[in-house]
Structures are given as C-alpha cells and as structure tokens.
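Okay, structure first, notes after.
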Amino acid sequence: MKARITAKRHEFYNTTFNVSFLNYDIAAGIIENTKRIVTADFESVEFMFDAPWEESIVKNREILNIKKPREASYYMYFVIIKSIEAHLGEEVKTLMIIDDRDTVLKKMLTKNIVLVANGRPVEINLTGQRYSNVFSVRINDINREDFITGCQVEIEEIKDELKKYTKRYNELVYTMQSIYNNAHRNSSNIHRINGA
C-alpha cells in the first residue's frame, strides 16, 4: 500500500510513500527512492492499494483501533472484517471496538476482541501463526441485554473514577492558586518594606 500526502501544509506535500505503519490516526512509512521516514494524519493522505483487500481496511478504518500484534500482518484486519461480514450476513457499516486483548505464544498468536458491528455486539476469537497470513476466526453473538448491563456497570465505574480525578484536579488547582497568591502577597509586602 502506498499513500500520497494531500495536506498542503505538510512538509512533504504531494509526496508518495510506502505505508509500513497504519493506525486509526496516522499513516507512516518511507518515501520512495529515499530513506526518509514520513508520518501523516490519516485524513491527509490518499491511499493507493497494491491488493484489493487493503481498500477494505481503509474503508473500515475503525478496525485499526484493534491492536495489531507485531507478529501479524495488516492482512489480519481484512480477515476480521470478512469474518464479521460472513457472520452478520451483510457488509460492515459501523464498528466500535470495546475490548481487545492478545497473547503471543511460541508459534501462535491469539486475540480476544469484543466489538459492536452494525449495532450487534459480538465476541471474536482469532488465532494465527506468527509472521504468517494464516488465521482462524470464531465469532459469537453476545446477548444484548447482558452487553448493555455490562456497559452500564463500566460506565458507573468510569464515573466514579472521573469524580476522584476531578476532586484531585480541583485540589491541585486550589493548591497552586494558594501558593501563587501567597507568593504574590509576600512579593508585594517586600516591595512595600523596601519602598518605605
């Protein structure tokens, strides 16, 4: 896959590079015929595909929020998309990654992913050979009510954490303001004494 930088403000505007790293936010790689590494925002490049499956990844960009193990190729994303479409019986229109865990063993890698595809919560178990494009994917539906209940529990936990962080934030702001005000008052007193 190649990408051409379309953002006029970018140092390498209109430059084409071979994509060696891709995630939801950025594309990076080496500029053709040089050894220069370039990084660009996902939205500021135009992709050129070497294989038909690469277009599927860019089209379903949310899939890039799944962490790719170093031992896997970007083809893993295509396998996941096609497996989801086979399971749903329709093209993927929306994806939201909820949880993503992986394990790398001597010769194998495994991923356990929870996501919502086209409004349907599913659990994906992927196994593959390291440094190979051989993957096995198993997908199971998650009961919607159980999924929603789990989300509500997690939302409450996050709210509690946010309250703790907000309280700590406010304490730190108050402390800094107090220190600043005391230093400012002391400075004013010194000026008054020196001026007297």
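All residue numbers for the sequence shown refer to our numbering, where the first residue is 118 and numbers rise by one.
The C-beta atom is built at its ideal place from N, Cα and C for all residues, glycine as well.
Fair warning: this is a prediction, and the values are worked out from it, not measured in the lab.
Contact between E179 and M213 is confirmed by a C-beta separation of about 7 Å, below the 8 Å threshold. A contact is defined here as three or more CB-CB pairs under 8 Å, and the stretch 238–257 meets this definition with respect to the stretch 188–196.
If you draw a straight line from the Cα of R255 to the Cα of K223, it comes to about 21 Å.
Only residues of its own chain outside the window of five on either side were considered, and among them V231, N257, I259 have a CB closer than 6 Å to the CB of E240, listed in chain order.
Considered as a whole, the stretch 146–198 harbours 154–158, 162–165 as its complete beta strand (DSSP E) runs of no fewer than 3 residues, in chain order.
Within the DSSP secondary-structure output, D217 pairs in a beta bridge with I230. Between the stretch 129–137 and the stretch 145–159 there are three or more inter-stretch CB-CB distances shorter than 8 Å, so the stretches are counted as touching.
Within the same chain, and ignoring the five residues on either side of E171 in sequence, the residues whose Cβ sits closer than 6 Å to its Cβ are M118. Nearest C-alpha to A124 among E149, I275, V162: V162.
DSSP places E240 within a strand segment (E or B) once states are collapsed to three. Cα atoms of K280 and N298: separation of roughly 27 Å, rounded to the nearest angstrom. Between F159 and A144, the C-beta gap is smaller than 7 Å, which places the two residues in contact.
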